[in-house]
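Novice: Once you've had a glance at the structure underneath, I'll fire off some questions.
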Amino acid sequence: MKNLIGKGLDRLDGPLKVTGKARYSAEFPAAKMTYAVGVGSEIASGKIRSINTAEAEGAPGVIAVITHKNRPALKASSDFFGGGALADVRLPLADANIYHAGQFVAVVVAESLECARHAAELVKVTYIEENPVVDFDDKKAERYKAKQWFHGPIARTRGTPEPALAAAAVKVDNTYRTPVQNHNPMEPHATTAIWDGDKLTVYDATQGLYNTRKSLSDIFGIPPANVRVVCKFIGGGFGCKGAMWPHVTLCVMAARAVNRPVKLVLSRPQMFTNVGHRAETAQRVALGAEKDGTIKAIIHSGTSHTSVNGEFIETFTVSTPMLYNSPNVHVEQDLVKLNKQLPTFMRAPGETPGSFALESAMDELACALDMDPVELRMKNYALKDPESGNPFSSKGLDQCYKVGAQKIGWEKRNKKPGTRKEGDWLVGLGMATATYPTMHFNATCVGTLSADGSFLFKSSTHEMGTGTRTVMVQIAAERLGVPVDKVDFDLGDTDLPMAPISGGSATVSTVGSAVDGAALRLRNTLAEKLATAVDSPFNGVPGEIEVVDGKFTTRTKSEKLSYEDALKFLKLPSLEEKYETAFNDHAKKVSMHSFGAHFVEVKVDPDLGTVRVSRAVGVFANGRIINEKTCRSQVHGGIVMGIGMALEEATLMDRRSGRVINANLGEYHVPVNADIPSIEAYFIPEEDTIINSIGAKGIGEIGITGVAAAVANAVYNATGKRIRHLPITPDKVFV
Ligand code: MOS
10 MKNLIGKGLD RLDGPLKVTG KARYSAEFPA AKMTYAVGVG SEIASGKIRS INTAEAEGAP
70 GVIAVITHKN RPALKASSDF FGGGALADVR LPLADANIYH AGQFVAVVVA ESLECARHAA
130 ELVKVTYIEE NPVVDFDDKK AERYKAKQWF HGPIARTRGT PEPALAAAAV KVDNTYRTPV
190 QNHNPMEPHA TTAIWDGDKL TVYDATQGLY NTRKSLSDIF GIPPANVRVV CKFIGGGFGC
250 KGAMWPHVTL CVMAARAVNR PVKLVLSRPQ MFTNVGHRAE TAQRVALGAE KDGTIKAIIH
310 SGTSHTSVNG EFIETFTVST PMLYNSPNVH VEQDLVKLNK QLPTFMRAPG ETPGSFALES
370 AMDELACALD MDPVELRMKN YALKDPESGN PFSSKGLDQC YKVGAQKIGW EKRNKKPGTR
430 KEGDWLVGLG MATATYPTMH FNATCVGTLS ADGSFLFKSS THEMGTGTRT VMVQIAAERL
490 GVPVDKVDFD LGDTDLPMAP ISGGSATVST VGSAVDGAAL RLRNTLAEKL ATAVDSPFNG
550 VPGEIEVVDG KFTTRTKSEK LSYEDALKFL KLPSLEEKYE TAFNDHAKKV SMHSFGAHFV
610 EVKVDPDLGT VRVSRAVGVF ANGRIINEKT CRSQVHGGIV MGIGMALEEA TLMDRRSGRV
670 INANLGEYHV PVNADIPSIE AYFIPEEDTI INSIGAKGIG EIGITGVAAA VANAVYNATG
730 KRIRHLPITP DKVFV
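When you line the sequence shown up against this note's numbering, it's residues 10 to 744, in that order.
This is the structure in structure tokens:
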């Protein structure tokens, strides 16, 4: 079964999804269910002066209206840095203070969703309004240096970058801007809370089951063992469901208050204000090089926003020091506090806006040098991590450039912009590097072999649509040497062994390693028992036992025993093994990253300023590909999201009121089929033997990194217009 891995195995839960049998968090029924709707603040800064709930309470079907005045007492919990789940550690309805528009000021619980929505309109709130600060460039906004994030210190320096830049023969030094973008997965955030005495069950659309359990246990003052959090399917996560947002606490609080199950689903407009978004950024990238293209200085700095009462750092400089050779590098970031919901993780947080700036600047440097952009990248190719000096665990980036250039027909690119036409359209080619770190967290998997020869592996990870269950089954089946239909994998429930937040593209690497470890233990334990049992055909040959076609055998003996025969022979009713994997890249003294390259062709209508991406080629070196099909769909999704970022997506604020003015899918544009060309994705064969036992890096996030820069670079090549402020809308192209 060695060849099992890599194959495009269909998602095992595909039939469940297309027949509607897959249950999402809003779809779990309960007797005497009630429905909650949150009421959002109309102002973005100030205080509640008065809140009148009488009319809402008297409306048909209403069971309770909860505000900061009558809410039950809640205890504090931590954010993800402290093992909890909270995005914003301020609990909902904590007091009368308002920090952003849409912030919950009340929650209505009723017999039906319609009754709750109606009554929510009847809650009367008056405010003491202050001028909100929502404009990124507002001089009144408080600014400070970003210090520390998961990765360590934000500011990093090597050499003497400013003097090196000043002395460089050729330099570019520009500012790039990316707007706020909002998560719009098909499934909005949804929570169903059911209390049974002091035991709580919560069905929640979350990428972090165990963290959510920890925070709910803290907030409601009950032991973690009394909290069960279940999430069998997520209709898209992308980071917005990584942390726990206030509606989860509201829902659980409401269920306790009315002593009945409560369901709370965010509306599409609430998705823009009551959960996080990708922070706005303004980034300076300065590059200095010798005339032959050798980079001597890289400076990447700038600002992203956070909320007035919490910190989130959009780490756009995090990959810059390791991507290209340069003796002199400086990165640093500032934060500006705005009256907005706290920003959050959004597919490749940091690298996505960061790669737009850095990879646009690389294109600008190539133009200034009159050098091919691929050649410039190869001229400064880092064979070792230039920051740490450590070797890369694997790095097939040079292959990505080569294959991508060949597939797109890079030789057809005219260096001189605005010179290639097809009918009325200007045509351009652009490229950019993609990268994302390979992360590995802690996870536990328990595997069981039953008397009928079937295997079940369990870990409380998440199915975000990525194909986790399918891939885990493939990993276990390969290690055991059995067909995939003998193996199943259960996830999405805190009753199962611990798994971390599904984020950072770390699930295959982390949970996959735990599954692989548990499968190996099952196989080895049986082999050892077979080697030591006195009447066993394999007695005394422990080193020789192998599994061929699902059966234990050795090269020298003709006996064959299937897993179920082995159990029977050993008189075992079943066998269980557990494996825990731990974060260990520091011990390995290697630099672990996925790499890739995007090549795109755009067509630009010079009269209308319309930009069409006509071809997108992505080539990736992501370690071992466990499942070609699910992997391909991840990078396709990343490229689609990257095209949306390049051309369409931006959340707009009314500066006076501090309210989002396009909080709906009619006015917040995401790509539709007509915006997306046929996408080509290629994978460089790569097996990373250092990273983990399965050789796989992450794939969820790298697909989007670099896409916006590749599009912007192609627009420049087509038109001669360098657009440094996303999205590239027609008004910026035709002027
Ligand atoms: Mo990802 S933005 O770490 O879910």
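Virtual Cβ for every residue (Gly too), placed ideally from N, Cα, C.
Mapping the DSSP letters down to three states, classify Asn533 as helix, strand or coil.
Specialist: Mapped onto the sequence shown, residue 533 falls at position 524. Note: Asn533 maps to helix in three-state DSSP.
Novice: Does the beta carbon of Arg356 fall short of 6 Å from some heavy atom of the ligand MOS?
Specialist: For this step, residue 356 is matched to residue 347 along the sequence shown. Yes, the ligand MOS has a heavy atom inside 6 Å of this Cβ.
Novice: Which residues mark the beginning and the end of the beta strand (DSSP E) in which Ile304 is found?
Specialist: What you label residue 304 is simply residue 295 of the sequence shown in a count that begins at 1. Taken as a continuous stretch (DSSP letters only), the beta strand (DSSP E) holding Ile304 covers Ile304 to Ser316.
Novice: Span of the beta strand (DSSP E) holding Ser603?
Specialist: Taking the first residue of the sequence shown as 1, we reach residue 603 at position 594. Element bounds for Ser603: His602 to Val613.
Novice: Where does Gly729 sit, in a helix, a strand or coil, going by DSSP?
Specialist: The count along the sequence shown starts at 1 and reaches residue 729 at position 720. Coil, per DSSP.
Novice: For Gly248, verify whether its CB is less than 6 Å away from any heavy atom of the ligand MOS.
Specialist: Taking the sequence shown and counting its residues from 1, the one referred to as residue 248 is at position 239. Under cutoff, so the answer is yes.
Novice: Taking its Cβ as the centre, do 16 or more other Cβ atoms sit within 10 Å of Phe113, making it buried, or is it exposed?
Specialist: For the purposes of this step, residue 113 is identified with residue 104 of the sequence shown, where counting begins at 1. With 16 or more other Cβ atoms within 10 Å, it is buried.
Novice: One question on the structure: do Ala357 and Ser518 come within less than 7 Å of each other, judged by their Cβ atoms?
Specialist: Counting from 1 along the sequence shown, the entry for residue 357 is found at position 348. Counting from 1 along the sequence shown, the entry for residue 518 is found at position 509. No, the pair does not count as a contact, with Cβ atoms beyond the cut-off.
Novice: Less than 6 Å between the CB of Gly675 and some heavy atom of the ligand MOS, yes or no?
Specialist: Position 666 of the sequence shown, counted from the start, is the residue given in the question as residue 675. Every heavy atom of the ligand MOS is 6 Å or more from the Cβ of Gly675, so no.
Novice: On a Cα-Cα basis, can you pick out the residue from Gly549, Phe578 and Gly427 that is closest to Asp614?
Specialist: Within the sequence shown, numbered from 1, the residue matching residue 614 stands at position 605. If we check each option's Cα against that of Asp614, Gly427 comes out closest.
Novice: Using a Cβ-based criterion (distance less than 6 Å to any ligand heavy atom), does Gly513 qualify as near the ligand MOS?
Specialist: To locate residue 513, count along the sequence shown from 1; it is residue 504. Answer for Gly513: yes, Cβ within range of the ligand MOS.
Novice: Which partner residues of Ala295 appear in the DSSP bridge assignment?
Specialist: The count along the sequence shown starts at 1 and reaches residue 295 at position 286. Paired residue(s): Asp182 and Ile308.
Novice: Below 8 Å on the Cβ atoms is my contact criterion, and I expect Val760 with Ala723 to pass it. Report the Cβ-Cβ distance as a whole number of Å.
Specialist: Limits of the chain in this structure are 10 at one end and 744 at the other, which puts residue 760 out of reach.
Novice: Report the option in Met262, Leu535 and Ile703 whose CA atom is closest to the CA atom of Leu579.
Specialist: Position 570 of the sequence shown, counted from the start, is the residue given in the question as residue 579. Ranking Met262, Leu535 and Ile703 by Cα distance to Leu579 puts Leu535 first.
Novice: Report yes if the C-beta of Gly251 is less than 6 Å from at least one heavy atom of the ligand MOS; otherwise report no.
Specialist: The count along the sequence shown starts at 1 and reaches residue 251 at position 242. Yes, the Cβ of Gly251 comes within 6 Å of a heavy atom of the ligand MOS.
Novice: From Gly439 to Leu656, what does the alpha carbon distance come to, in whole angstroms?
Specialist: Reading the sequence shown from its first residue, position 430 is the one you call residue 439. Reading the sequence shown from its first residue, position 647 is the one you call residue 656. Rounded to the nearest angstrom, the two C-alpha atoms are 15 Å apart.
Novice: Out of curiosity, what's the CA-to-CA distance linking Asp394 and Ala94?
Specialist: As a working note, residue 394 is residue 385 in the sequence shown. As a working note, residue 94 is residue 85 in the sequence shown. Roughly 33 Å between the two C-alpha positions.
Novice: Using alpha carbons as the reference points, say which of Asp502, Val482, Thr503 and Asp499 lies closest to Val493.
Specialist: Stepping through the sequence shown from its first residue, residue 493 is reached at position 484. Residue Val482 is the option with its Cα nearest to Val493.
Novice: For Asp146, count neighbouring Cβ atoms within 10 angstroms of its own Cβ and tell me buried if that reaches 16, exposed if not.
Specialist: Sequence index remark: in the sequence shown, residue 146 carries index 137 (1-based). Answer is exposed; the Cβ neighbour count stays below 16.
Novice: Starting from Met440, follow its DSSP beta bridges and name the residues at the other end.
Specialist: Locating residue 440 in the sequence shown gives position 431, where the first residue counts as 1. DSSP lists Phe608 as partners of Met440.
Novice: Output yes or no for whether 7 Å exceeds the beta carbon distance between Phe604 and Thr361.
Specialist: Working through the sequence shown from its first residue, we reach residue 604 at position 595. Working through the sequence shown from its first residue, we reach residue 361 at position 352. For Phe604 and Thr361, no; Cβs fall outside 7 Å.
Novice: What are the partner residues of Pro446, as DSSP defines its beta bridges?
Specialist: Counting from 1 along the sequence shown, the entry for residue 446 is found at position 437. Paired residue(s): His602.
Novice: Quick one: Cα of Val628 to Cα of Leu392, how far?
Specialist: In the sequence shown, counting from the first residue as 1, residue 628 sits at position 619. In the sequence shown, counting from the first residue as 1, residue 392 sits at position 383. Cα to Cα, Val628 sits roughly 19 Å from Leu392.
Novice: Which first and last residues belong to the beta strand (DSSP E) in which Arg386 is found?
Specialist: Taking the first residue of the sequence shown as 1, we reach residue 386 at position 377. Premise fails: Arg386 lies in the alpha helix (DSSP H), Pro382 to Lys388, not in any beta strand (DSSP E).
Novice: Per DSSP, Cys454 is paired with what?
Specialist: The count along the sequence shown starts at 1 and reaches residue 454 at position 445. Paired residue(s): Tyr588.
Novice: Let me know the secondary structure DSSP gives Lys11 once reduced to three states.
Specialist: As a first step, residue 11 must be located in the sequence shown, where it is residue number 2. Confidence at Lys11 is low in this model, with a pLDDT of 48, below 50, so the placement of that residue is unreliable and no value is reported for it.
Novice: Go through its chain and collect everything with a Cβ distance to Asn334's Cβ below 6 Å, but skip five positions before and after it.
Specialist: Translated into the one-based positions of the sequence shown, residue 334 becomes position 325. Counting only Cβ-Cβ distances below 6 Å, and skipping sequence neighbours, we find Asn389, Ala391 and Pro395.
Novice: Run through DSSP, which three-state label would Gln216 get?
Specialist: Residue mapping note: residue 216 aligns to position 207 of the sequence shown, counting from 1. DSSP places Gln216 in coil when its eight states are reduced to three.
Novice: Please state whether DSSP places Asn235 in a helix, a strand or coil.
Specialist: Position 226 of the sequence shown holds residue 235. The answer is helix: DSSP assigns Asn235 an H, G or I state.
Novice: Would you call the region 157 to 167 in contact with the region 320 to 329, where contact means no fewer than 3 C-beta pairs closer than 8 Å?
Specialist: Verdict: yes, contact present.
Novice: Output the distance between the C-alpha atoms of Thr184 and Ala690, rounded to the nearest integer angstrom.
Specialist: As a position in the sequence shown, residue 184 is number 175, starting the count at 1. As a position in the sequence shown, residue 690 is number 681, starting the count at 1. Those two C-alpha atoms are separated by around 31 Å.
Novice: From Ala214 to Ile243, what does the alpha carbon distance come to, in whole angstroms?
Specialist: Mapped onto the sequence shown, residue 214 falls at position 205. Mapped onto the sequence shown, residue 243 falls at position 234. Going by the C-alpha atoms only, they are around 6 Å apart.
Novice: Considering just the uninterrupted stretch of the alpha helix (DSSP H) at Gln342, what are its terminal residues?
Specialist: Locating residue 342 in the sequence shown gives position 333, where the first residue counts as 1. No alpha helix (DSSP H) holds Gln342; the beta strand (DSSP E) holding it covers Asn337 to Leu347.
Novice: Give the single residue among Val117, Ala110, Thr166 and Gly168 whose Cα lies nearest to the Cα of Val143.
Specialist: Position 134 of the sequence shown, counted from the start, is the residue given in the question as residue 143. Checked all of Val117, Ala110, Thr166 and Gly168; the closest Cα to Val143 is Ala110.
Novice: Starting from the Cα of Leu347, find the closest Cα among Pro336, Glu585, Gly667 and Glu368 and give me that residue.
Specialist: Here the question's residue 347 lines up with position 338 in the sequence shown. It is Gly667.
Novice: Compare the Cα-Cα distances from Ala717 to each of Ser50, Val345, Thr187 and Glu123 and report the closest residue.
Specialist: For the purposes of this step, residue 717 is identified with residue 708 of the sequence shown, where counting begins at 1. That would be Thr187, whose Cα lies nearest to the Cα of Ala717.
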